[in-house]
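Residue numbers (the working numbering): 585 to 970. Virtual Cβ for every residue (Gly too), placed ideally from N, Cα, C. Working notes, structure below.
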Amino acid sequence: MRKIDIFDTTLRDGEQSPGVNLSHVEKLDIAKQLARLGVQVIEAGFAAASPGDFAAVREIARQVKGVSICSLARSVQRDIDQAYEAVKESEHPRIHVFLATSDIHMKHKLRMSRDQVLEQVESMVKYTKSLVSDVQFSAEDAGRTDIDFLCQVAEVAIRNGAKVFNVPDTVGYLTPFEYAEIFRQLRKRVSGIEHVKLSAHCHDDLGMAVINSLAAVEAGVDQVEVAVNGIGERAGNAALEEIALALETRKDYYQATTVLDLSQITRASRLVSKLTGMIVPPNKAIVGANAFAHESGIHQDGVLKEKTTYEIIRPETVGLTDNNNLVLGKHSGRHAFREKLESLGYELSEEELLVTFNKFKELCDKKKTVSDDDLIALVDDEHAHK
Ligand code: KIV
Ligand code: ZN
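Below, the structure is given as structure tokens:
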């Protein structure tokens, strides 16, 4: 079974979510939780972006152990120097250098020719390698880069010391097949590629960040870049929790998994949501409030008889201990209703149960969900009228 490295970019790409600005202390809290989760790399920020970012990356590098700490840097010496100063005290420092390689970016943003880009990749990867051994290179907008040119870029980056070659679908444009095909082509055509790790980095503009990352896993990548709750630039990055649970639940299919401590996922999700102020939608896979909730009577009855009827993941697997997975509403049946009352300490006779259940159904027509307090009031009211 292959082990996929998880490179977490919650603190860098995730923090690029509009409206999010984490303090130094908040970043440190998140980094510590990511270390508990067991990710292999924490991209702690973009050291050259601001003095605050520099200080946060340096503090995380000093304090968070057992995991590689990485800073992003443009392919310019000043950025790389700042990144180095920020990560150098980490047990495992990594510098992540990037340069755009698509014609659109080279023409309109960089105003550089292909040859100039190749020269810059060569000199900046070589320079980074003189500072740290663990160098990651990203071909920004690789998803829209001509494949022949991307192969040339990869060859130059690898020849000059990159240990990880990352292929960002920067604007979330590709389909799963197209994305996987890039990795297949790189493996086939780039000399020296067998000595480096290939990495996937997907954005969710078309809602395909997770499936594209998983397609990359099928195509043999070694590392997947993710953010907790899928936060990130525009529509966000691939969600850590979805990738981790897809690999865990379907390792039979992917023949690959992670070494994450999945029981830390709920805690990580709640912490990131609280500190970024980005609310997790209730129907969000794995970490949404409804992800393990069953409302319909048929589903509730099934789960009460045997959980696997409607649960492919146990809530405890992701560390969910306060889960109220039977949500009572108008679709609920008598089986769940009885269980719920028993969990609240009520033992009703068949006749009492029937009367209370009918009252409950009347209440359901007035309220979307019925809370524990509603139920207690209902049963106590029924008793008082006897
Ligand atoms: O999406 C992207 O291209 C990036 C790179 C800087 C890796 O985040
Ligand atoms: Zn990105």
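Subject >> Beta-carbon spacing of Glu825, Ile863 below 7 Å >> reply: no
Subject >> For Cys654, the residue or residues it bridges with in DSSP >> reply: Its beta-bridge partners are Glu627, Arg678.
Subject >> Among Val911, Met585, Leu888, Thr860, the one whose alpha carbon lies nearest that of Ala873 >> reply: Val911
Subject >> Boundaries (first-last residue) of the alpha helix (DSSP H) holding Leu640 >> reply: Sequence check: residue 640 is Ala here, not Leu. Per DSSP, Ala640 belongs to the alpha helix (DSSP H) from 635 to 647.
**OP:** Have a look at Lys891 and Ala631 and give me their C-alpha separation to the nearest angstrom.
**Re:** 47 Å
**OP:** Could you check what DSSP says for Thr841 in three-state terms: helix, strand or coil?
**Re:** strand
Original post:
For Lys781, which residues does DSSP report across the bridge?
Top reply: Val748
Subject >> CA-to-CA distance, Lys914 to Phe682, given in whole angstroms >> reply: 54 Å
Original post:
Using DSSP with H/G/I as helix, E/B as strand and the rest coil, what is Lys587?
Top reply: strand
Original post:
Where does the unbroken beta strand (DSSP E) through Gly810 begin, and where does it stop?
Top reply: Correcting the residue type first, residue 810 is Val in the shown sequence and not Gly. Segment 807 to 810, the beta strand (DSSP E) holding Val810.
Original post:
Should Ser697 go down as buried or exposed, given a rule of 16 or more other Cβ atoms within 10 Å for buried?
Top reply: With fewer than 16 other beta carbons inside 10 angstroms of its own, Ser697 counts as exposed.
Original post:
Does the ligand ZN have even one heavy atom less than 6 Å from the beta-carbon of Asp637?
Top reply: no
Original post:
When the Cα atoms are used, what is the spatial distance from Gly791 to Leu962?
Top reply: 43 Å
Subject >> Option nearest Ala875 by Cα separation, candidates Leu702, Glu900, Thr712, Gln666 >> reply: For Ala875, the closest C-alpha among the options Leu702, Glu900, Thr712, Gln666 is that of Glu900.
Original post:
Does DSSP classify Phe996 as helix, strand or coil?
Top reply: Lying outside 585 to 970, the shown extent of the chain, residue 996 is not represented and no answer is given.
Original post:
From Ala828, Thr841, Ala840, pick the residue whose C-alpha is nearest to that of Ala852; which is it?
Top reply: Ala828
Subject >> Per-residue DSSP class, three states only, for Glu895 >> reply: coil
Original post:
Less than 7 Å separating the beta-carbons of Ile590 and Ala628?
Top reply: no
Subject >> Where Val911 falls: helix, strand or coil (DSSP) >> reply: coil
Subject >> Ordered list of beta strand (DSSP E) runs contained in the stretch 792 to 835, each at least 3 residues >> reply: 807 to 810
Subject >> For Gln720, the residue or residues it bridges with in DSSP >> reply: His680, Val748
Original post:
In terms of DSSP beta bridges, what is Cys786 paired with?
Top reply: Asp753
Subject >> Limits of the unbroken alpha helix (DSSP H) element including Leu734 >> reply: 731 to 743
**OP:** May I ask whether a heavy atom of the ligand KIV can be found less than 6 Å away from the beta carbon of Asp665?
**Re:** Checking the Cβ of Asp665 against the ligand KIV gives no.
Original post:
Is there contact between the stretch 655 to 663 and the stretch 610 to 622, where contact requires at least three CB pairs shorter than 8 Å?
Top reply: no
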